[in-house]
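Undergrad: Next up is a structure, given as structure tokens.
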Amino acid sequence: MTTSLSKFLKTTRPGPAHRCAGCNTFSLRTHTAPATQEDEVICTNPSCGESPLHREA
Ligand SMILES: [Zn+2]
0 MTTSLSKFLK TTRPGPAHRC AGCNTFSLRT HTAPATQEDE VICTNPSCGE
50 SPLHREA
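If you read the sequence shown in numbering that gives the first Met the number 0, its first letter stands for residue 0, the second for the next number, and so on.
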């Protein structure tokens, strides 16, 4: 994924108020795919293995 964080955040809104299963923080946001309008819950913690922003070192 090459989407920048700032651009990414504009396409999301505050997500469910529960902890991420991957990193145990409240970093979840809801992302709506522009093409399909389908909602998906994503984690915005770059160090979280569950997050699409996560980069393998
Ligand atoms: Zn997470």
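Just so it is clear, CB atoms sit at the ideal spot from N, CA and C, and this is done for glycine as well.
Nothing here was measured: the structure is a model prediction, and the numbers come from that model.
Which residues count as close to ligand 1 when the rule is a CB under 6 Å from any of its heavy atoms, in chain order?
TA: Those residues are C19, G21, C22, S26, C42, N44, C47, E49 and S50, given in chain order.
Undergrad: Following the continuous beta strand (DSSP E) through L27, name the residue where it begins and the one where it ends.
TA: Counting along the chain, the beta strand (DSSP E) containing L27 begins and ends at L27 to T31.
Undergrad: Among G14, H30, H17 and R18, whose alpha-carbon lies nearest the alpha-carbon of K6?
TA: Looking at the Cα atoms, H30 is the closest of the given residues.
Undergrad: Just to confirm my understanding: we take E37, look at its own chain, exclude 5 residues before and 5 after, and list those with CB closer than 8 Å. What are they?
TA: Contacts found: T31.
Undergrad: What are the start and end residues of the beta strand (DSSP E) that includes C42?
TA: Run containing C42: D38 to C42, per the beta strand (DSSP E) assignment.
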